[in-house]
Amino acid sequence: MARSPIIQRLLQTSKPFRDAWQDHRIEGFASRLRLFHHPAQGVLRYEHHRPAPADHPDLHVVIYTPAAPTGAESPESAAQRDSPLGSC
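Shown next as structure tokens:
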């Protein structure tokens, strides 16, 4: 299997990466919830999507949208709270 130059370099220089690479499972893409651990804002919840234009299926755009909040919080306040930019 052909690998990108950065993958080759990481495999050669990083044992943790090499171990993780050997353990990874390759699956088809599916939109799903992604959690990020931000040092100041805590856990950020985003839905991860990857649409592709019908006329260029080899191009992809990755989009992260704030995930639906849990509890009584409004979507707007959750989006502002979860935004990496804070309340800019």
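Just so we're on the same page, the numbering used here is the position in the sequence shown counted from 1, plus 19. Glycine included, every Cβ here is placed at the ideal spot set by N, Cα and C. All values reported here derive from a predicted model rather than from experimental measurement.
Span of the beta strand (DSSP E) around residue i
i	result
R51	51-57
R64	61-68
Residues near residue i by beta carbon distance below 8 Å, same chain, minus five either side
i	result
R69	F48, S50, H79, V80, V81, I82
Sequence-distant residues of its chain with Cβ nearer than 7 Å to residue i (five each side left out)
i	result
W40	L30
Euclidean distance between Cα positions of residue i and residue j
i	j	result
D77	P85	26 Å
H56	V62	5 Å
A87	Q60	17 Å
N-terminal and C-terminal residue of the alpha helix (DSSP H) that residue i is part of
i	result
P85	First-last for P85: 82-85, but that is the beta strand (DSSP E), not the alpha helix (DSSP H).
S29	It is Leu, not Ser, that sits at residue 29 in the sequence shown. That run of the alpha helix (DSSP H) goes 24-32.
Proximity winner among the options, relative to residue i (alpha-carbon distances)
i	options	result
Y65	L52, P24, D42, K34	L52
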